Amino acid sequence: MVTDMTQGTQASDEVRRFIIEHHPVRGHWVRLESAWTQLRAHQELPRAVRELLGQAVSASVLLAASLKFDGELTLQLHGDGAVRLLVAQCTNDFRVRGVARFDESAGTPGDFDVPLTPGIFRRLVGNDSRFAVTVESSGTTGRGARYQGIVPLTGSSLAECLEAYFASSEQLPTRIRLVAGDERAAGLLLQRMPEEGGRTDGTDGSHAQSAWEDAERAVDVITAEQLLAESVETVLSHGCDTRDLRLFSGDAVRFSCRCNEGRVAGLLRALGAEEVRRLVREQGAVTITCEFCQRPYRFDAAEVERLFDPANAPENRSTLH
Ligand SMILES: [Zn+2]
């Protein structure tokens, strides 16, 4: 059997759903190995930035698994620190990709070649930073942003900021753990299920409330090393009674870039004919390299003219609405 390493999948790259019976708790667990190493293969990033990217990609899988949609979920961070832009994407069938831009004016890469602590996190994202969670549907009705939530990055970790996001958007108490190392990235999302009548504030069940608090404490004692190395059963056994754990079959997660010539052509059209023709005059051709996978797309003068020929405009090609 031939393994295609560019799109390969291993059992280690997996997301799994679980519930803890007799407790108002559900959750998702993810661990990435080959998908994580493949997606950052072309990116030279200092350690703390790399860890932030791995955490964001793990988070995108957890969010994609816990929200129902058909398309692509994007977690996009804009900041004024050393990481101006970070994008992590996951489709509903768990194809991931991600990219981070390190701004050297904020410090040398060596300054950030350190573990991702809360202090380093603040220096990476800066003071005026936010992230957007976008779900774009790709159903038969065509592409379109269906939902976007924007959250200020005020916490001391990405997990903390995401917990705030869930508290405001879904109104479900949520605990999130995210970790990324050199070889692997992993995450755990624990959510308190709505009770009968949809109440989650514990007013109609102090038992449910204390069960949720037990589960929260259980998540807090799990170490980063355990999350990276252990099976989901073992990870959860540190704080929960695994007799109550119901684990559902997993979904494979893989690295896959969705860039294609059509999307790049769309980018060039958006730049405008004048600007693109100027680039062709200066450089002989326009080359756009995909930031996620480094694949180059080259358009020579003739191809650029075809691109801006009104007969080839997208609105003239698709008349079946
Ligand atoms: Zn690509």
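Reading the sequence shown from the start, the letters are residues 224 to 544 in the working numbering. Ideal Cβ positions, reconstructed from N, Cα and C, are used throughout, including at glycine. Keep in mind that this is a model prediction, so the values were computed, not measured.
For residue 242, the closest C-alpha among the options 464, 443 and 275 is that of 464. When the beta-carbon positions are compared, residue 244 and residue 437 stay at least 9 Å from each other. Between residue 516 and residue 265, the C-beta spacing is below 9 Å. Bridge pairing for residue 321: 311 [DSSP]. Between residue 395 and residue 371 a beta carbon distance of about 19 Å is seen, past the 8 Å cut, so the two are scored as non-contacting. In the three-state scheme derived from DSSP, where H, G and I count as helix and E and B as strand, residue 297 is classed as strand. Sequence-distant partners of residue 514 (beyond 5 residues in either direction) whose C-beta falls short of 6 Å from its own C-beta, in its chain, are 322. By the neighbour-count criterion, in which a residue is buried when 16 or more other Cβ atoms sit within 10 angstroms of its Cβ, residue 373 is exposed. When distances are taken from the beta-carbon of residue 531 to the heavy atoms of ligand 1, even the shortest one reaches 8 Å or more. Distances between the C-beta of residue 482 and the heavy atoms of ligand 1 include at least one below 8 Å. Within its own chain, the residues whose Cβ lies closer than 7 Å to the Cβ of residue 378, once the five positions on either side in sequence are excluded, are 384 and 387, listed in chain order. The alpha-carbon separation between residue 249 and residue 307 amounts to approximately 34 Å. Following the DSSP letters along the chain, one finds residue 354 inside the beta strand (DSSP E) bounded by residues 353 to 360. For residue 299 against residue 382, the beta-carbon gap comes to about 17 Å, at or over 8 Å, which does not count as contact. An exposed status is given to residue 337, since fewer than 16 other beta-carbon atoms sit within 10 Å of its beta-carbon.
Around the C-beta of residue 341, fewer than 16 other C-beta atoms lie within 10 Å, and the residue is accordingly described as exposed. In the DSSP annotation of this structure, residue 476 is not part of any beta strand (DSSP E), being labelled neither H nor E. Taking C-beta separations shorter than 7 Å and ignoring five residues to either side along the sequence, the partners of residue 318 in its chain run 477 and 479, following chain order. Relative to ligand 1, the beta carbon of residue 513 is positioned inside 8 Å of a heavy atom. As the crow flies, the alpha-carbon of residue 256 is around 19 Å from that of residue 310. Looking from the CA of residue 240, the closest CA among 441, 313, 345 and 410 belongs to 410.
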